[in-house]
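Numbering (the UniProt record's numbering), first residue to last: 1 to 766. We put the CB at the ideal spot given by N, CA and C, even for glycine.
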C-alpha cells in the first residue's frame, strides 16, 4: 500500500515554478480564440511558444542537459469510436515538440502534453492555455537542473486538440521521437481552475500511479473518476485516448474540473484562474515528471506493466493506492466478515423466535413484505430491535454492492468496502455500550466518529460528481432531462448517506417530529421549484452560468443526379445545447419559436444541415430562421476528379476539395449500396451510429487541396448510389460574421452564450 502525504503549502517559486506562469497564460490568451488554422493559433501562439523555448534553451546551454526543438506539421487520418463513431482527417496541423535529455543522449522518453488551440469564440485560458504555461515553466526548471537527467522528456505543445485530438495523433504516429516514448502525462481541463484531478491512468502499469502518489505535492486522484469517465457517460475525450490506442503507451490524465459552467465559453479567461491553482498544478507536474525521468521503471516499463491500481485521496491530504488484486482480497474478506456477522445474528435463539413469530403472522394475514416493518410496530416490537434491523439491512445492501462491483473487476468497489468495514467494526466495538445504555449520547457520538472517515470520503466523491455533472448537463443536448438526472443523483445520495443513520429514527424518542421536519423541508422546496424560483442561468460576473446556443448563418444547396441545382435556401440555423431548447429565449426573441422548428430530412446526409460534429443524436431540437444568402470570400470548391468501374465490381469516385480550415464530409449510401473501401484511416469505412459516414476535416496554414476517394458497391438503382454532402465552417477572419448574424447576437440576453459562425452545405447525388 502506497500512501502520499500533502506537503506544507509551498510558497510561489518553489521548486523552480516561477511567477512567469501568469505572464505566459496572459500572453497566450491575449490573442483571443485560437481555432486550428487561424493566424492566432498557427502564427502568433506558435511564435510566442518558440520564443520562450529559445530563451530556455539559451539559459540552460551550459548545463548537463540539452534542449532540442522541432516544429512538426503532420498530415494524417484515423477513425475513432467517439460521438457514435466518425473519421478524422487533418493536414499540416501544428506541433511544437521540445526534447530535454542528458547531453549524452537518452534511449527512453517521458512525454508531457498540452494543447494551445481553443474552440472558436473562447479564449481557452483553462482549456488549455494554462497547461501550456505550466509546461513552459516545468521545462525551464528541469532544463536548469545542475545534475543530468536519467531519461529524456518530450514536451509536446500541440495545436489541434479541439479538432478531436488530431495533433496528438500526428505526433504519436509520425514523429521519429514517438518510438522512444514509454509513458506520458496529459494536461487537460473540464472546468476553469481549482484543483487538477487525476481521472485516468494506465492502461494497467500501476507504477505510474505509484509515481504520482510518491511525488505529487498536492494529490487529488480517484479511480472512481477513471471508471466513470471510461464508461462513456461523460460525452468528452482527451489526447489520453490517442496515446493509449494509437501509441500503445500508458499515461496519466489530469484535468481542472471546477466551475465547468465556463468551459468552452467567452468566460474562460485568464483572470478567472487563481494563482494558487496554477502554482499547485506547476508543483505537481514538476515533481511527478522529475520523479519519472529519474525512475528505473521508465527504462523497462513493460516489466512493470501488469496489474491495475485502486487509488483515492482523502480530502487532498492523503493518497492511498494499492494493487487491484490486493483490493479484491480485502473486498472479499470484508464481505465474508459481514455475512458471518449476519449469519451469527440470525442464528441467535432470540432472533430465531422473533423471526418465526413475524413470519407466522405474515403467513396468517397474507401481508406483503413492504408491510413487515409496520407489522413489527403493531405487534409491540421494541424500537431497538427495529433500529437494529435497519442497520443490518443497510449493511447487507452495501455488502451486495461490494460483491457485485468486485466480481465485475471494478476498482471502485473500494467505496462500498469502506461503507461496510467501518460501520461493521464500529458496531461491534460499541456492542457492549449499546447493550448497556441503548442509544445514549455517548453511543451516538462514538458511532458517528467511527463512520466519519468513509462518510467524509463519500461526501467528497459526491461533491466531485456534482461539480462535474451539473455543468455537463447544461451542454449535453436536448434529449437528456437534467432535472431528472440530478434528482436521481440527489435521491441516491440521500439514500446512500442516510443508510446507516436510518435506525436512529427508531432509536429517537419521538419519530413524529423528525418525520414532520423532513416532510416540511420537502414540501417547501417542491413549492419553490414548481413556482420557478430557481432560474438556471445567470450573467453574474462573479459566477456566470450561461445558456449555450449555437448559431450558424448558412446557405444550403442541393444538387440532383444530373448535377443541376434542385433547391437552395439560406437561414440562421439555431441549436440549443440543453434540454430547455428555446423556451427561455422565445419571449425575448419571438421569431425563434416552434413554427420554425426543423425536422430531420432522412433522405439527406445528416438531415441536410451543416453539423460541425456528429452530434445530431444528442441535439434533435433545432430552429431555422430564413435569412439572406451568405457569400464567403473564400468559398468552397468541390469537384469530381474521376469516376471509374473497378475490375472487382465497385465504382471508385475521386474528389478534390478546396475550402476553409474546417469542413465536414457526410456520406449516405442509398438503399442496397455500401461502401467497401476509402482513402481515410486504415481504409475500412467507419460508419456513424445512424448508418451514415462522417468525416471531420481541418488544416493548418498553406495546406494543399484535399483529395480523397471511396469505392462503393453499385446497386444500379434509379436514385443513384450515394448522396455526398460537404459543409464548410468559417470560425475566424472576415468570413466568420455577417450583418444578420451580428444583429441576432445583439438580441440574445446577457445570460446566454451564443457561439456563432458562417457555414455552407452542398449536397450531391451520384
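Exposed unless 16 or more other CB atoms sit within 10 angstroms - verdict on residue i
i           : result
residue 7   : Note that residue 7 scores 37 on pLDDT, short of 50, meaning its location in the model is unreliable; the coordinates nonetheless yield the value given after this. When all chains shown are included, residue 7 counts as exposed.
residue 380 : Note that residue 380 scores 41 on pLDDT, short of 50, meaning its location in the model is unreliable and no value can be drawn from it.
residue 641 : exposed
residue 346 : exposed
residue 601 : exposed
residue 739 : exposed
residue 399 : buried
residue 622 : buried
residue 172 : buried
residue 47  : exposed
residue 312 : buried
residue 511 : exposed
residue 673 : buried
residue 746 : exposed
residue 562 : exposed
residue 750 : exposed
residue 544 : buried
residue 659 : buried
In DSSP terms, what residue i is bridged to
i           : result
residue 658 : 637
residue 202 : 251
residue 729 : 662, 759
residue 442 : Residue 442 is not bridged to any residue.
residue 411 : Answer is none; residue 411 lacks a bridge partner.
residue 591 : Answer by DSSP bridge pairing: none, since residue 591 is not bridged.
residue 181 : 109
residue 643 : 653
residue 746 : BP columns for residue 746 are empty, so no partner.
residue 722 : 669
residue 712 : 651, 675
residue 395 : Residue 395 pairs with nothing; no bridge assigned.
residue 753 : 548
residue 323 : 309
Under 8 Å between C-beta atoms of residue i and residue j
i           : j           : result
residue 219 : residue 323 : no
residue 446 : residue 430 : yes
residue 187 : residue 113 : yes
residue 82  : residue 190 : no
residue 192 : residue 282 : no
residue 688 : residue 86  : yes
residue 395 : residue 424 : yes
residue 555 : residue 760 : yes
residue 19  : residue 143 : no
residue 701 : residue 280 : no
residue 108 : residue 128 : no
residue 78  : residue 246 : yes
residue 55  : residue 204 : no
residue 70  : residue 97  : yes
residue 243 : residue 131 : no
residue 528 : residue 522 : no
residue 209 : residue 309 : yes
residue 767 : residue 138 : Any question about residue 767 goes unanswered here, given that the chain covers just 1 to 766.
residue 471 : residue 579 : no
residue 145 : residue 63  : yes
residue 574 : residue 625 : yes
residue 620 : residue 479 : yes
residue 156 : residue 111 : yes
residue 403 : residue 222 : no
residue 644 : residue 707 : no
residue 285 : residue 185 : yes
Open item on the list: Check whether the region 628-640 and the region 711-731 are in contact - that is, three or more C-beta pairs closer than 8 Å.
Closed with: yes
Open item on the list: In chain order, what are the residue ranges of uninterrupted beta strand (DSSP E) at least 3 long that sit wholly in the region 515-577?
Closed with: 547-559, 565-576
Open item on the list: Would you call the region 689-700 in contact with the region 659-671, where contact means no fewer than 3 C-beta pairs closer than 8 Å?
Closed with: yes
Task: Secondary structure, beta strand (DSSP E): runs of 3+ residues fully inside the region 71-96 - done: 75-80, 86-91
Task: Runs of alpha helix (DSSP H) wholly within the region 83-160 (minimum 4 residues, chain order) - done: 130-143
- [ ] May I ask you to verify whether the region 117-129 touches the region 744-762, counting CB pairs closer than 8 Å and requiring at least 3?
- [x] yes
Task: Segment contact flag, the region 157-169 with the region 272-281, C-beta cutoff 8 Å, min 3 pairs - done: no
Task: contact_flag[the region 221-235, the region 291-300] where n(CB pairs < 8 Å) is 3 or more - done: no
Open item on the list: Ignoring anything shorter than 4 residues, give me the alpha helix (DSSP H) runs that lie fully in the region 273-320, in order along the chain.
Closed with: 275-293
Task: 4-residue-minimum alpha helix (DSSP H) runs that sit fully inside the region 7-69, ordered along the chain - done: 20-29, 46-59
- [ ] Could you pull out every unbroken beta strand (DSSP E) segment of at least 3 residues lying fully inside the region 607-636, listed in chain order?
- [x] 622-626
Task: Sequence ranges, alpha helix (DSSP H) only - wholly within the region 468-510, length at least 4 - done: 482-498, 503-507
- [ ] Could I get the ranges of all uninterrupted alpha helix (DSSP H) runs contained in the region 213-246, with 4 residues as the minimum, in chain order?
- [x] 223-230
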